[in-house]
Every structure is written in C-alpha cells, then in structure tokens.
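The block underneath contains the structure these notes are about, expressed in structure tokens.
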Amino acid sequence: MNNIFSLKYDIISLSIYFMIVVFGLINIYSSIYNENLISFWDLSYPIGKQVLFFSLCLLLLIIIIFTKSKFLYNNSFLFYFISILLLIGLLFFGVKTGGATSWYNLGFFNFQPSEFVKISTSLFLAKYLSIIQTDITRGRDLFIISLIILIPIILISMQPDPGSAIIFTVFLFPIFREGLNINFLYHLFIIIILFFLTLTIGIYITIFLVSSIYVLFVFYESRKKRKIKFSKFIFTIILYFSIILSTNYVFENVLEQRHRDRINIIIGKDFDTKGIGYNINQSKIAIGSGGFSGVGFLKGTQTKGDFVPRQHTDYIFSTVGEEWGFIGSSFLIFLFSYFIIRIIRRSEKQQIHHKRIFCNCFASLLFIHFFINIGMSLGILPTIGIPLPFVSYGGSSLLAFSIMFFIYLNYDSSRLKES
Numbered sequence: 049m050n051n052i053f054s055l056k057y058d059i060i061s062l063s064i065y066f067m068i069v070v071f072g073l074i075n076i077y078s079s080i081y082n083e084n085l086i087s088f089w090d091l092s093y094p095i096g097k098q099v100l101f102f103s104l105c106l107l108l109l110i111i112i113i114f115t116k117s118k119f120l121y122n123n124s125f126l127f128y129f130i131s132i133l134l135l136i137g138l139l140f141f142g143v144k145t146g147g148a149t150s151w152y153n154l155g156f157f158n159f160q161p162s163e164f165v166k167i168s169t170s171l172f173l174a175k176y177l178s179i180i181q182t183d184i185t186r187g188r189d190l191f192i193i194s195l196i197i198l199i200p201i202i203l204i205s206m207q208p209d210p211g212s213a214i215i216f217t218v219f220l221f222p223i224f225r226e227g228l229n230i231n232f233l234y235h236l237f238i239i240i241i242l243f244f245l246t247l248t249i250g251i252y253i254t255i256f257l258v259s260s261i262y263v264l265f266v267f268y269e270s271r272k273k274r275k276i277k278f279s280k281f282i283f284t285i286i287l288y289f290s291i292i293l294s295t296n297y298v299f300e301n302v303l304e305q306r307h308r309d310r311i312n313i314i315i316g317k318d319f320d321t322k323g324i325g326y327n328i329n330q331s332k333i334a335i336g337s338g339g340f341s342g343v344g345f346l347k348g349t350q351t352k353g354d355f356v357p358r359q360h361t362d363y364i365f366s367t368v369g370e371e372w373g374f375i376g377s378s379f380l381i382f383l384f385s386y387f388i389i390r391i392i393r394r395s396e397k398q399q400i401h402h403k404r405i406f407c408n409c410f411a412s413l414l415f416i417h418f419f420i421n422i423g424m425s426l427g428i429l430p431t432i433g434i435p436l437p438f439v440s441y442g443g444s445s446l447l448a449f450s451i452m453f454f455i456y457l458n459y460d461s462s463r464l465k466e467s
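In terms of the working numbering, the sequence shown opens at residue 49 and continues consecutively.
Below, the structure is given as structure tokens:
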C-alpha cells in the first residue's frame, strides 16, 4: 500500500494546505478571543468546532486519497442528484440564518448544502465534458452543460442566497479551457458592466452610451469595408438592451434589501458608516491599523473590541491585516496564489480528461472565493457572504474545500503513478 507521505503525492500543495488551515485557526481564535476562552479545544466556541472539523478533514484525507478514482467518476451523477435534492429540501426543512434559508440544523452544527454542491457539480461537469461524444460547440450539449450549472444557481437563489449562486458562474472558466468560444466570456463581462453602469448612471444614459458605441462600430467597419453579420449584430443589440431595461427590475425584485444596500454603497449611491456600511468601514479600519508588520497576535484593538461583526467568518482577513499587517497579509495572499497556480499547472499535465477538468474547476472555485472575500474585506466588492477557503470559520466550507483538495491529490497522484 502506498504511504500517504510518498513522493507520489503533491507534498508541496499538502504542506501549503496545512499552513493555510493552521493560520486560519490562529486567526479564528484571535477574532473570538476573550478571558473565558481557555484553549483551542473548547467546543462551546467556534474555534473548538473548527478544530473538530479539521480533525474530521484529516480522516477524510486518508479515505479519499486511497479511494479509486473510478468510484468518483462512476458516481458523479449520483452525488450531483443527491446534492440537488438537499438544495430542494431546504425549501421545506431549512433553517433561516442571516436572511437566507441555506442551512439544515443538525443539532451540533448547521449544515450548508450549497458548499457541497460545488464538489458534485465539479465532478459531474468534468464527467460530462470528458465524454467523447460531447461537442461543446453543439447546441444540445451546450444546453445540458448550462443546465448542470443553472440548476444549483436557481435553487440557491431561491433561498435566497445570490452571493453563493454567483459563485457557480466561475464554472465557465474550465468550460472555456475545454473549447467554448471566448466570446461568451466577453459577453458575460459586458453584461456585468452594463448592470452596474445602469444602476449608477440610469437607463437612458446607458442606452445612449451603448447606442453611440454601436454607431461608431458600424461606421468604423464600413470605413474598413468589412461585412457585419446582421443576425449576430441584432442579437447582441437585443441582448444588451434587454439587460439594461431589466436591471432595475432584477435589482428591486430579485436581490434582497441587504444586497441592494451593499451594492449602493459600492457604486457610491449611499454612504453609510453606521448601518449596512459599518462592517466594511470597520474592516478597512482594522486592516489599515495593522500597518507594515501588524500590532501582534491577540493585540488588535478592532478585533478585541469586537468592532467588526462576523469577523471570524466573512471578515477574517481583517484580523490578518490588523494583527499580522502587510507582511502577514501578503504572505497569505502569496500562499493562495502559489497554491492555485500550482494546482492549475499540475492539472494541465493530466492525461485523463475528466481529472484535468475537475482540478481546473477546483482551482477556479478557490480563486473566486479568495478574490471576492479579500475584495469584501478591503471594501472594493459588496459583502455577499463568501468565506475565505480554509481560513474563515465554517465547518461546511472547510469540509467541502478540503474534500475537493483531497480529490485533487488523488487525481494528481494517479497521474504521477502512471508516468
């Protein structure tokens, strides 16, 4: 039997994983510390529960790296189906926390299915894309791929938890890697820009700007004597104008008030340091007070004063910034960046199609969580309740991302053995 510490496993990535998790435990401990907290093992506090979840992760590490990769491949649809049923069950049996019915109350802890749907969606999407008959440019296959991603998005949006739902759009990146036309990505970015632009400057000015750009484009193409594809041209006009005209409806009727308030703060419509903007403002103060080297472990005044709500979850990076300063923050960012890049580079060496796709899905999910969470803490992105993987408190998040990482280790080790 292979030894877990054999060179057949990506020991560097495993070491980085342990470093990030331990650093997360230290900062969770600091963010909730008071004179009654005796040790890391106190299960009446979040830190004790997080340590327990990490212990469970170590057990899962042993199980998953010795699991046959064919088992994961053959049962990917079953995992996906079960996770979708769990999302549907939330509509009837879920517990409402923080404005969203995203949890099952299991007594000792709350279980969040949306975290585990990321695993099953990655596995099932990887399997479907790897089927030799799948043609990503064919309408039927593109429709099925879209359904695999859209079903969780719709069910999670119904909780309502639009922040977690948005995360699933990151699956577009591994799909592009597999050959989807890059124009889809351009259109996605333009749609996002139009949404925020319409909210900022209004419908009519946005329509005027888009119309002006189209007129200039037609004029430029005619000067160059290039033919414009009429059907494609009309389709994009209808698409963009539909987005502009529906923006206010989506903003007022799909998003909750807490999300609307946060977006208004980001785009500069509201300035609120006492209400909904309090979290962001206090997080920025905490990070700024850390300076170059930080104020020291357990010495953060913002952290000790409990000025940053939910600091051990959504705003854990503010604890890092205050107590460890620019040096500690940069070190954590470096670890994540190297970790993600390493996973992508090693996944590109995979000879087995579905394993490469899964690893790219995992890297994409890591990146989007990392990017959004730190952006929230710095006040450059709206607060949408996205945890920092392996660092923020949350058993469901830690278990889900750890399982994905362990599957990556399994797939990567099989590549090394085959080579």
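Ideal placement from N, C-alpha and C gives every residue a C-beta, glycine not left out.
None of these values were measured; they are calculated from a predicted model.
Candidates the options, of which the one nearest residue i by Cα
i           : options            : result
residue 173 : 109, 361, 205, 122 : 122
residue 148 : 362, 460, 209      : 209
residue 341 : 330, 376, 193      : 376
residue 101 : 261, 407, 127, 72  : 72
residue 62  : 222, 443, 384, 127 : 384
residue 427 : 388, 95, 311, 94   : 311
residue 232 : 269, 305, 184      : 184
residue 308 : 230, 140, 243, 202 : 243
residue 80  : 446, 401, 349, 412 : 349
residue 392 : 429, 414, 238      : 414
residue 250 : 296, 178, 107, 230 : 296
residue 228 : 258, 277, 187      : 187
residue 195 : 206, 429, 217, 178 : 217
residue 344 : 356, 74, 157       : 74
residue 171 : 119, 282, 160      : 119
residue 346 : 420, 266, 83, 240  : 83
residue 160 : 178, 176, 133      : 133
residue 339 : 366, 326, 374      : 374
residue 219 : 177, 205, 206, 207 : 177
residue 206 : 429, 303, 444      : 303
residue 126 : 175, 70, 282, 326  : 175
Beta-carbon spacing of residue i, residue j below 8 Å
i           : j           : result
residue 162 : residue 124 : no
residue 200 : residue 143 : no
residue 167 : residue 452 : yes
residue 458 : residue 169 : no
residue 440 : residue 362 : yes
residue 395 : residue 221 : no
residue 150 : residue 139 : no
residue 398 : residue 390 : no
residue 288 : residue 238 : yes
residue 104 : residue 97  : no
Contact belief for residue i with residue j at Cβ below 8 Å, rounded distance in angstroms
i           : j           : result
residue 335 : residue 370 : 6 Å
residue 462 : residue 131 : Not really, about 24 Å apart at Cβ, beyond 8 Å.
residue 247 : residue 135 : In fact, because the Cβ distance is near 29 Å, the residues do not count as touching under 8 Å.
residue 76  : residue 95  : 5 Å
residue 379 : residue 65  : So it is not a contact: roughly 15 Å between Cβ atoms.
Cα-Cα separation between residue i and residue j, rounded to whole angstroms
i           : j           : result
residue 292 : residue 155 : 45 Å
residue 215 : residue 271 : 42 Å
residue 410 : residue 255 : 38 Å
residue 192 : residue 433 : 29 Å
residue 111 : residue 305 : 43 Å
residue 416 : residue 435 : 10 Å
residue 301 : residue 152 : 26 Å
residue 337 : residue 359 : 15 Å
residue 442 : residue 260 : 48 Å
residue 57  : residue 454 : 10 Å
residue 257 : residue 236 : 18 Å
residue 330 : residue 381 : 21 Å
residue 285 : residue 263 : 11 Å
residue 368 : residue 99  : 19 Å
residue 448 : residue 332 : 29 Å
residue 113 : residue 401 : 19 Å
residue 408 : residue 224 : 11 Å
residue 431 : residue 328 : 8 Å
residue 252 : residue 158 : 46 Å
residue 234 : residue 294 : 20 Å
residue 190 : residue 198 : 12 Å
residue 93  : residue 356 : 18 Å
residue 266 : residue 109 : 57 Å
residue 245 : residue 446 : 36 Å
residue 386 : residue 60  : 10 Å
residue 298 : residue 240 : 13 Å
residue 268 : residue 226 : 33 Å
residue 290 : residue 275 : 25 Å
residue 366 : residue 230 : 36 Å
Closer than 7 Å: residue i CB and nearest the ligand SAM heavy atom
i           : result
residue 343 : Looking for the ligand SAM in the displayed structure turns up nothing, as the structure carries no ligands at all.
Worksheet item: Considering only residues of the segment 183 to 221, which uninterrupted alpha helix (DSSP H) runs meet the minimum length of 4 residues and lie entirely inside it, listed in chain order?
Response: 187 to 205, 210 to 215
Worksheet item: Mind pulling the beta strand (DSSP E) runs of 3 or more residues that sit fully within the segment 127 to 187?
Response: 143 to 145, 148 to 153
Practice prompt. Return the chain-ordered ranges of every alpha helix (DSSP H) run that is complete within the segment 375 to 444 and spans a minimum of 4 residues.
Written response: 401 to 426
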